[in-house]
Every structure is written in structure tokens, then in C-alpha cells.
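Asks:
2 protein chains.
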Amino acid sequence: MPSVRDALRLHGGAVDLAGADTRATPHWFGGKQEALADIAAMEPRLAELQERLYAQAAGGGSRKRLLLVLQGMDTSGKGGVVKHVIGQFNPSGCHIHAFKAPTREELAHPFLWRVRRAVPEPGIIGIFDRSHYEDVLIARVRGIVPRTVWARRYATINRFEQSLHDDGVTIVKVFLHISYAEQRARLLERLENPDKHWKFGPGDIDERALWPDYEEAYEAVLQKCTTDAAPWYVVPADRKWYRNWAISRLLLEHLEELDPRYPPAHFDVETERKRLLET
Amino acid sequence: MPSVRDALRLHGGAVDLAGADTRATPHWFGGKQEALADIAAMEPRLAELQERLYAQAAGGGSRKRLLLVLQGMDTSGKGGVVKHVIGQFNPSGCHIHAFKAPTREELAHPFLWRVRRAVPEPGIIGIFDRSHYEDVLIARVRGIVPRTVWARRYATINRFEQSLHDDGVTIVKVFLHISYAEQRARLLERLENPDKHWKFGPGDIDERALWPDYEEAYEAVLQKCTTDAAPWYVVPADRKWYRNWAISRLLLEHLEELDPRYPPAHFDVETERKRLLET
């Protein structure tokens, strides 16, 4: 059966980001209103699958969990996706981790140190807003570490993700793909609204000037770090409604494949009912 | 102006939990449907106040933040409140912390050690699902530490909360008050639905047998640890719609008093607009 996973998944061949249509709506054949209705229809199924995942770990000792990794250029909508995803689940079973510039303590450790500490526990849905991929993106583009260092990290990341996979983590890596023009429109919106000024810094335009370098660094990531254990999905993200629909659908397909089950009762239901009714 | 804070706040006098009506709806004069409508009407205001709080810390160096502390007997709805609160805010600006039985590492430190680490950063809305109060509740009822130890903790907690208050933390402590009969109904519901069996353990009925001891321990907490820096609010919680309404209202009143403001731009808007338009 065709799925949004098949439609968005990379397989390791050459990637041409500039040539891809960021307004496309792969695997969706309706418009915005129908997509919003479909998102609403997915919500109870997502919520139930999450509860089963949580219950299976809490009551049954399962190690299964899900990790959504979000990457994309500035303004690509990572924060919007976090809000969207949490809205569809029980937030108590989710763990959001936003990766900022490494602290002094983090810099004193290998680059995956802070990432390992943020991996969701069994039963939990983790969301990484940025991730270890920054260590081959900004670190490469800005020359924070020499080439000999970042060039080795792709293989290190693949091994790391394989080990997570082997420990029950379903990894869903999403690149939110916006166009150069769309980023300009979104930055302009921030400048034109005084209530959004705090989200803007002149550094955002300096980073934007490096767009071709980031594009190249992303292409390397998408090509080198798509594995069977943890493939990349490229989500066209100029249209926020499609972006959200695609994320919900990706999560639904992965959770359905995981097929978590409520654990059986570890007690005799009749006995406990009688005990309770006596109180 | 009368407020829900005034209606629910304790002032340090004797507390009689068994005598209080857990189906009451203090400061609300409508029914369920009107309450749900009022909750929906509060949502945009809550979301904007949260964004301002976040922005003020991110762009203006403010230390202000809010910490909602949730306590209550088993099945009183702490998890439901977490879900409700997160639904009204941007989850990226919230930090949920659920306190479980202390780990070996946590037990090797003073009881507030793990709590200090979970205090929200400036700009963040923190939610404690259980808290340091467990150290004078279950620790007292179950005799986990001797009386001489737990008896000193009330004053320690008050000093700790005063120090948080002095560092910009607005503390909103809520006791979700359900009746003994309501707990029975909720436990029975879990027993009667196989999909809820994982939430139940025979230990829940053992704990329930200690209801009067917990009630006494809660009364001590509510009396000794209501301070000007961090008063307790008692929310009648048999009716979930009233519970959610009261929580939203409490948060709204506290955030409005905080009155967070967007920080001014640290750059020249015209210069930046020109730079952006050249890209």
C-alpha cells in the first residue's frame, strides 16, 4: 500500500534541495480544508496509539519508543511542528528537547554526550528541535571544528542511530524544506510586527547569507545519514498545513507499524473489584 | 475585584478537608457548557501572556517564570490538568516534571536536590506533577523517614519557596480535592475497562486504606506551607470541567499580574529590513 513514508523517504542517492518544490504536497490530493479535517480525524488514533505505547512500557517492560528529529533552516517551522505534534498527543507522554548552542559543559564532552542524555525513555515520544545534526551543519558551515573532525561524524551518527534502533527507538528524521524566498517572507513578517521583534536578530540575516553553504551541508547529511535504521524524510514546508498533515501521517504510519498493545493485568480483576467495593 | 485566587486561597488557618465540598464550584456561577466556553475564551489570552513571558526572558533578560505545583490523592486528576494546561499554551515554553519515587541517586542527596534541578528557567512555565511535598506526605504516612526528619521539612520547604519567589518564580500550588467516594468511582472505572488495567495496581487500594492518614498529612501541608510567597489553592476536583476552569483562571490571574512585556528591539528595524530585502 502506498504511504506518505514511501513518498517522502530518501534512499541515499544524490539530493538536490534547490531543485525540489517546497510548495508541493506529496501523497496528498486534496486542499487545505480537507487536510485540516484529515488531521483532526487522525488525532484520536494517534492519541490511542501513544497511550498503548506508554502502557506497554509502563506495565509490560517494553523498550519501544519513538523519536522525532526535526531539522530545517531558520523559520522552517520546527517550533510550529512541536506545537502541532504535542497537540495531538498526551503531553505527559512526550519529551521535547530543544538543542541550543552547546554549553561549556557540553563542549567538554564528545558531541553525542548531550544527545544520549536526551533520548526518550521507553514508552515516551521524544521530539528533538534541532539535534546532533547541528554538529555536521553549523559546525561545518561555520568551521567550528576542522574538516577532519566533522567529516568523521557522519559515520559516528549512523552507528549511534543504529544502536538506538537496536534498543527499541523508532527514529523519524524530518527535514522541513522551505525555499529561500519563503524564508525571506517569514523574516520580513517578524520585522514588520513589533511583537515579533524579539524573535529576530541581525545574525539571522548573516546566517541567511550562508544559505548555499547550509544547503550543501544539508545535502551531505541527507545523503550520508539515510539508513534503514533511521532514514530521512523530506517534508516540503512552505505550506504549513501540508507540513503538519505530513508529520501527523508519518507519525501515524510509524506508530501503526509499531502496533503497541495494552499489557495484560498483573492482578485478578474480580479480587480487586471486591476489595475496592469493601472500601 | 473578586478573583478565583481569593475564592480558593488558603491563609494558614485550620484546614478541614473532609468537611469541604469537592463538588462545589467556587467563583463560578454557570454550568458546564458555559465553563467550557469560558475556558476556550481564555486560551488566546493565556497563549499571548505566555509568549510575552518567554520573550521577556529571551530578549530582555527577565528572570520571571511561573511554576504550577500539582498535588492530590491518586486519581485526583493531576495528569488531566497537565494535559489541559499544555493545551492552552505553546508546549515549547512549558516544562513538565513528574516526580516519581526517588531514585538511588536522588536519595543520596537532600530531598530538595532533585527539585532544584527541575525548577523552570526564566520565561518558562513549569508544571510539577507531584513535587517536594511528597517528602512530607508519603514520607510521613509511610514512615519512610522518622518524624524528627519530616517535621523539619515544612520550614525547609517554606524557605526554599521563598528563595524561588525572590528569584522571579511565581509559584501556584494547587491541591486537587476529590472525595473518598469519587476516588472509588474512578478506581472502579479503571478496573472495569481492560484498556485501563495498566493504570491500576493492587497497591492503589492499599494506599486508599490510608486515606485518613493522607488527609491529615495534607491538612498539615496546607496549613504550614501556605505563605505569602507561595500560598496554597484548594480546587474542588470531583467535576473535571470546574477543575480545568479553575486552573485556567488561576493561571490567567497570575500571568496578568505578572504583566510580562515584549522586549524592545535591540537593532534598527529599518536597517535590517533593507539588508533583508537585498537578499
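Here the protein sequences line up with chains H and D, keeping their order. Note that the first sequence covers residues 5 to 283 in this note's numbering. Note that the second sequence covers residues 5 to 283 in this note's numbering. We put the beta carbon where it would ideally sit given N, CA and C, even for glycine.
Would you say ARG118 of chain D lies against chain H (beta-carbon separation less than 9 Å)?
Replies: Position 114 of the second sequence holds residue 118 of chain D. ARG118 of chain D does not count as touching chain H.
Asks: Output yes or no for whether 9 Å exceeds the beta carbon distance between TYR222 of chain D and GLN75 of chain D.
Replies: Locating residue 222 of chain D in the second sequence gives position 218, counting from the first residue. Locating residue 75 of chain D in the second sequence gives position 71, counting from the first residue. Yes, these two residues count as a Cβ contact at 9 Å.
Asks: Measuring straight from C-alpha to C-alpha, what distance separates VAL8 of chain H and ARG253 of chain H?
Replies: Residue 8 of chain H sits at position 4 when you count from the first residue of the first sequence. Residue 253 of chain H sits at position 249 when you count from the first residue of the first sequence. About 7 Å.
Asks: Here's the rule: buried if 16 or more other CB atoms are within 10 angstroms of the residue's CB, otherwise exposed. What is ASN248 of chain H?
Replies: As a position in the first sequence, residue 248 of chain H is number 244, starting the count at 1. ASN248 of chain H should be labelled buried.
Asks: In three-state terms, what does DSSP make of TRP154 of chain H?
Replies: The count along the first sequence starts at 1 and reaches residue 154 of chain H at position 150. TRP154 of chain H falls in the helix class under three-state DSSP.
Asks: Roughly how many whole angstroms lie between the Cα atoms of ALA233 of chain H and THR160 of chain H?
Replies: Counting from one through the first sequence, the residue named residue 233 of chain H turns up at place 229. Counting from one through the first sequence, the residue named residue 160 of chain H turns up at place 156. Cα-Cα distance, rounded: 14 Å.
Asks: Starting from the Cα of ALA24 of chain H, find the closest Cα among H:LEU180, H:GLY207, H:GLN54 and give me that residue.
Replies: By 1-based counting over the first sequence, the position of residue 24 of chain H is 20. Minimum Cα distance to ALA24 of chain H is reached at H:LEU180.
Asks: Need the endpoints of the alpha helix (DSSP H) that THR275 of chain H sits in, please.
Replies: Taking the first residue of the first sequence as 1, we reach residue 275 of chain H at position 271. Here the alpha helix (DSSP H) through THR275 of chain H covers 273-281.
Asks: Where does the unbroken beta strand (DSSP E) through ASP171 of chain D begin, and where does it stop?
Replies: Counted from its first residue, the second sequence places residue 171 of chain D at position 167. No beta strand (DSSP E) holds ASP171 of chain D; DSSP gives it neither H nor E.
Asks: Any beta-carbon of chain H closer than 9 Å to the one on GLU276 of chain D?
Replies: Indexing the second sequence from 1 puts residue 276 of chain D at position 272. Chain H contact via Cβ: present.
Asks: Kindly indicate which residue of D:ARG279, D:ALA269, D:VAL225 has the alpha-carbon position closest to the one of ALA18 of chain D.
Replies: Residue 18 of chain D sits at position 14 when you count from the first residue of the second sequence. Answer by Cα proximity: D:VAL225.
Asks: Verify the CB distance criterion: does LEU262 of chain H have a CB-CB separation below 9 Å to chain D?
Replies: Within the first sequence, numbered from 1, the residue matching residue 262 of chain H stands at position 258. LEU262 of chain H does not count as touching chain D.
Asks: What separation, rounded to the nearest whole angstrom, lies between the Cα atoms of ASP263 of chain D and ALA44 of chain H?
Replies: Position 259 of the second sequence holds residue 263 of chain D. Position 40 of the first sequence holds residue 44 of chain H. Roughly 34 Å separates the two Cα atoms.
Asks: Whose Cβ in chain D lies nearer than 9 Å to the Cβ of PHE271 of chain H?
Replies: Within the first sequence, numbered from 1, the residue matching residue 271 of chain H stands at position 267. Under the 9 Å cutoff, chain D gives HIS201, PHE204, GLY205, PRO206.
Asks: Between ILE209 of chain H and chain D, is there a C-beta pair that is closer than 9 Å?
Replies: Residue mapping note: residue 209 of chain H aligns to position 205 of the first sequence, counting from 1. With 9 Å as the cut-off, ILE209 of chain H counts as an interface residue toward chain D.
Asks: Quick one: is ASN94 of chain H near chain D, going by C-beta distance under 9 Å?
Replies: Within the first sequence, the letter at position 90 stands for residue 94 of chain H. Yes, because at least one Cβ of chain D sits closer than 9 Å to the Cβ of ASN94 of chain H.
Asks: If you follow the alpha helix (DSSP H) that GLY84 of chain H is in, where does it begin and where does it stop?
Replies: Numbered from its first residue, the first sequence carries residue 84 of chain H at position 80. Where GLY84 of chain H is concerned, the enclosing alpha helix (DSSP H) stretches over 82-92.
Asks: Could you tell me whether the region 118-136 of chain D touches the region 79-98 of chain D, where touching means 3 or more Cβ pairs closer than 8 Å?
Replies: Because the criterion of three Cβ pairs below 8 Å is met, the region 118-136 of chain D and the region 79-98 of chain D touch.
Asks: Using a Cβ-Cβ distance cut-off of 9 Å, determine whether TYR266 of chain D contacts chain H.
Replies: As a first step, residue 266 of chain D must be located in the second sequence, where it is residue number 262. Yes, contact with chain H.
Asks: Could you give the DSSP three-state label for TYR137 of chain D: helix, strand or coil?
Replies: Counting from 1 along the second sequence, the entry for residue 137 of chain D is found at position 133. The answer is helix: DSSP assigns TYR137 of chain D an H, G or I state.
Asks: Below 8 Å on C-beta distance, what does ALA44 of chain D contact in chain A?
Replies: Absent from the structure is chain A; the protein chains it does hold are H and D.
Asks: Thinking C-alpha only, which one of D:PHE93, D:GLU138, D:TRP32 is nearest PRO106 of chain D?
Replies: Numbered from 1 along the second sequence, position 102 holds the residue referred to as residue 106 of chain D. The residue with the shortest Cα to Cα distance from PRO106 of chain D is D:GLU138.
Asks: Going by C-alpha distance, which of H:GLY64, H:GLY205, H:ARG69 is nearest GLY172 of chain H?
Replies: For the purposes of this step, residue 172 of chain H is taken as the residue at position 168 of the first sequence. GLY172 of chain H has its Cα closest to that of H:ARG69, out of H:GLY64, H:GLY205, H:ARG69.
Asks: With three or more C-beta pairs closer than 8 Å as the rule, is the region 88-95 of chain H touching the region 82-97 of chain D?
Replies: In short, these stretches touch, since the Cβ pair count reaches three.
Asks: Since ARG121 of chain D meets chain H, which of its residues come closer than 7 Å, beta carbon to beta carbon?
Replies: The residue you call residue 121 of chain D lines up with position 117 of the second sequence. Simply none; closest approach about 13 Å.
Asks: Extract the residue ranges of the alpha helix (DSSP H) inside the region 191-248 of chain D, only unbroken runs of 4 or more that lie entirely within it.
Replies: Correct list: 206-212, 215-228.
Asks: Under 7 Å Cβ to Cβ from LEU40 of chain H, same chain only, skipping five residues before and after it: list those, please.
Replies: In the first sequence, the residue the question calls residue 40 of chain H occupies position 36. The residues are TRP245.
Asks: Could you tell me the alpha carbon to alpha carbon distance between PRO268 of chain D and GLU193 of chain H, rounded to whole angstroms?
Replies: Your numbering for residue 268 of chain D matches position 264 in the second sequence. Your numbering for residue 193 of chain H matches position 189 in the first sequence. Spanning the two alpha carbons is a distance of roughly 16 Å.
Asks: Residues of chain D with CB under 7 Å from ILE90 of chain H, in chain order?
Replies: Residue mapping note: residue 90 of chain H aligns to position 86 of the first sequence, counting from 1. Neighbours of ILE90 of chain H on chain D, chain order: ILE90, PRO95.
Asks: Ignore the nearest five residues each way along the sequence and tell me which others in ALA59 of chain D's own chain have a CB closer than 7 Å to its CB.
Replies: If you number the second sequence from 1, residue 59 of chain D lands on position 55. Excluding positions up to five away in sequence, the list reads TYR266, PRO267.
Asks: When the Cα of LEU284 of chain H is compared with those of H:THR283, H:LEU256, H:ARG13, which residue comes out closest?
Replies: No answer is possible for residue 284 of chain H: it lies beyond the span of chain H, which begins at 5 and ends at 283.
Asks: Under a CB-based cut-off of 9 Å, is GLY130 of chain H close to chain D?
Replies: Start at 1 with the first residue of the first sequence, and residue 130 of chain H comes out as number 126. So no, GLY130 of chain H is outside the interface.
Asks: Comparing C-alpha positions only, which one of H:LYS36, H:PRO30, H:ARG56, H:MET77 sits nearest to GLU220 of chain H?
Replies: Taking the first residue of the first sequence as 1, we reach residue 220 of chain H at position 216. GLU220 of chain H has its Cα closest to that of H:MET77, out of H:LYS36, H:PRO30, H:ARG56, H:MET77.
Asks: For LEU72 of chain D, which residues in the same chain have their Cβ closer than 6 Å to its Cβ, ignoring the five residues on either side in sequence?
Replies: Stepping through the second sequence from its first residue, residue 72 of chain D is reached at position 68. ILE131, VAL176, listed in sequence order.
Asks: Answer with yes or no whether the minimum CB distance from GLU186 of chain D to chain H is below 9 Å.
Replies: Residue 186 of chain D sits at position 182 when you count from the first residue of the second sequence. False, the Cβ-Cβ gap to chain H never drops below 9 Å.
Asks: Could you tell me the distance, in whole angstroms, from the CA atom of THR26 of chain H to the CA atom of ARG67 of chain H?
Replies: Counted from its first residue, the first sequence places residue 26 of chain H at position 22. Counted from its first residue, the first sequence places residue 67 of chain H at position 63. Cα to Cα, THR26 of chain H sits roughly 36 Å from ARG67 of chain H.
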